[in-house]
Structures are given as C-alpha cells and as structure tokens.
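The next block holds one structure in the form of structure tokens; read it before the comments.
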Ligand code: MG
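Now the structure itself:
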C-alpha cells in the first residue's frame with residue numbers, strides 16, 4: 001500500500017472510529033444538491049465524499065482535528081487548552097479554521113455551504129452537535145470537519161455537474 005492510500009485509510013478510519021457514518025455524509029450531499037440537479041443519487045454523492053477524503057490537505061486536517069478531540073477526551077492536553085476544547089468555547093474558532101482548510105481547496109461554493117451547514121446543522125451534523133453535549137465525549141473538531149467534508153463534496157459535485 002502506498003503512502004497516499006495509507007493516509008486515506010487513516011483519515012477514513014479516524015472518522016469512523018468517532019462514529020461518523022460516511023453514508024450519512026453522502027445523504028446530506030444528495031439532499032443539498034437535489035434542488036440543483038435532481039439526478040444526483042447517494043452513490044454519486046459517496047464518490048465525491050471519497051474523492052474529498054483522498055486529498056492530502058483533507059487527510060491532514062481530519063487526522064489533526066480528530067487527534068485533538070481524542071486527546072481532550074483522554075485529558076491529555078495541557079490547560080487552559082484542555083478546558084477550552086472540552087467545553088467547545090464559542091470564541092475558540094481554531095476548529096472552524098482547521099475545517100476551512102478543507103473548504104479552501106474547493107472554492108467559494110464550499111465556503112458558503114460550510115457556513116450554511118454549520119448554522120442549519122442537518123442530519124449527522126446535528127447528531128454530532130448533540131453528541132458534544134454528552135458528558136465525557138469531545139467532538140469539538142469532528143463536527144466542523146464533517147461539515148467541511150460535506151460542503152467540499154457539494155462543491156466538487158456542483159462543479160462537475162454544472
Ligand atoms: Mg466545533
């Protein structure tokens with residue numbers, strides 16, 4: 001297996017281990033893009049999700065963010081950073097900034113979709129927001145990462161379908 005394939009599997013597994021079902025991400029892409037192109041289906045949407053996850057910048061962002069969530073959950077980060085990430089403090093913002101390194105690879109459609117998904121929190125994005133409320137679980141980075149992956153896949157699809 002080459003290094004690129006290793007990183008893809010590492011990022012995919014990191015997401016799945018945190019409870020992210022990639023099918024749920026594909027459903028969000030489908031729902032968001034249906035109004036522009038009714039021909040989209042989950043298989044096509046999944047292809048774009050996987051393609052986004054095959055990008056090196058995306059893999060690095062996913063591995064970094066998930067590692068910080070896990071380290072915070074295991075209380076392995078130093079204070080005051082630990083508390084800030086555990087509480088997902090409103091003014092922290094580094095989680096969004098990291099996630100925007102994903103959307104930055106896919107142009108302005110990805111960025112505007114990211115803002116939209118972050119506010120509306122449809123489907124699995126909302127589930128992750130609820131998960132964050134569970135004691136002991138930290139998904140401060142995960143919710144923004146999945147938001148960005150869906151937004152990037154929407155943009156990737158839109159540019160190829162248009
Ligand atoms: Mg967050």
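In the working numbering, the protein residues as written are 1 to 162.
Every residue, glycine too, gets a C-beta built ideally from N, C-alpha and C.
Roughly how many whole angstroms lie between the Cα atoms of residue i and residue j?
i	j	result
residue 24	residue 81	31 Å
residue 27	residue 121	13 Å
residue 48	residue 108	17 Å
residue 134	residue 128	10 Å
residue 123	residue 22	12 Å
residue 10	residue 73	19 Å
According to DSSP, is residue i part of a helix, a strand, or is it coil?
i	result
residue 31	helix
residue 129	helix
residue 65	helix
Less than 8 Å separating the beta-carbons of residue i and residue j?
i	j	result
residue 56	residue 15	no
residue 130	residue 95	no
residue 45	residue 157	yes
residue 102	residue 125	no
If residue i and residue j are in contact, beta carbons under 8 Å, what's the gap, nearest whole angstrom?
i	j	result
residue 204	residue 29	Nothing about residue 204 can be reported from this structure: the residues present for the chain run from 1 to 162 only.
residue 18	residue 88	Incorrect: roughly 15 Å between the Cβ atoms, too far for contact.
residue 105	residue 152	7 Å
residue 176	residue 98	Because the chain spans 1 through 162 in this model, residue 176 falls outside it and cannot be assessed.
Write down every uninterrupted run of the alpha helix (DSSP H) in the stretch 37-105 whose length is 4 residues or greater and which is fully enclosed by it, in chain order.
-> 42-53, 56-73, 81-87, 94-103
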